[in-house]
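Right, one structure below, let's go through it.
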Amino acid sequence: MKDQEVLDPANDAEADMAAIAHQCLMTALDHSNADHINIILDVSEEGEAKHETPVLKLPPRALRFFADVLRQMAKQEPMLLVPQKHELTTQEAANFLNVSRPFVIKEIEANRLACRKVNRHRRIEFEELRRYQAAQQEQSEQALQDLTKLSEDLGLEL
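Here the sequence shown stands for residues 50 to 207, numbered as in my numbering.
Set out below in structure tokens:
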């Protein structure tokens with residue numbers, strides 16, 4: 050993944066604007082069952098005479114996406130926009146998972162992480178990485194629950 054694909058965190062002013070815009074969008078979406086939403090764009094400069102304002106017609110799903118982006122901006126967190134079918138190299142996958150490249154290759158060879166080969170190179174779909182990450186998180190949570198239950202059964206509670 051290239052550095053320019055990562056959107057830097059918002060500054061304080063942008064975060065404030067994003068939080069307000071997020072609230073407005075969510076309020077509009079919460080009270081609407083419409084198949085589309087019209088957004089009126091005010092593109093006039095201050096002090097300029099009013100003229101016909103363009104109307105943008107958007108599906109609610111697009112507004113939910115914008116609301117998600119605005120929520121992340123309000124939190125001042127960096128964002129990465131990745132197409133669902135985007136394929137990553139084993140090094141990029143390792144960076145995303147915060148593990149080593151040899152670990153990713155071991156997971157592929159153990160059939161826990163799916164990939165496809167392009168000549169001798171492995172390519173992993175971003176969706177597959179997300180699936181793998183969710184499965185690992187689930188496995189970790191289950192192990193923690195098992196450990197907690199075992200300690201309760203043995204009377205090792207604090």
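Note that CB positions come from ideal geometry on N, CA and C, so glycine has one too.
Secondary structure note for Glu174: its beta strand (DSSP E) is the uninterrupted segment His170 to Glu174.
In the DSSP assignment, Leu107 falls within the unbroken beta strand (DSSP E) covering Val104 to Leu107. Closest by C-alpha distance to Ile154, out of Lys134, Leu178, His135 and Gln194, is Leu178. According to the DSSP secondary-structure assignment, Ile86 is paired through a beta bridge with Leu107.
The Cβ atoms of Arg171 and Thr197 do not sit closer than 8 Å to each other. The beta-carbon separation of Leu119 and Ile88, rounded to 14 Å, does not stay under the 8 Å limit for a contact.
C-alpha of Glu176 to C-alpha of His85: approximately 28 Å in a straight line. Bounds of the alpha helix (DSSP H) holding Arg150 are Arg150 to Glu158. Taking the C-beta atoms as reference points, Leu90 is found nearer than 8 Å to Thr102.
For Asp195, there are no CB contacts under 6 Å within the same chain when 5 residues up- and downstream are skipped. Counting only residues of its own chain and dropping the five nearest sequence neighbours on each side, Ala64 has a CB closer than 7 Å to the CB of Met122, Ala123 and Gln125. The distance from the Cβ of Leu56 to that of Leu112 is about 19 Å, inconsistent with a contact at the 8 Å cut-off.
Taking the CA atoms as reference points, Ala62 sits about 14 Å from His71. The beta carbon of His135 sits closer than 6 Å to those of Phe175, all from its chain and outside the five residues before and after it, given in chain order. Under DSSP, Val167 takes part in a beta bridge, and its partners are His170.
Taking 8 Å as the cut-off, the beta carbon of Ala142 is found closer than this to the beta carbon of Ile173.
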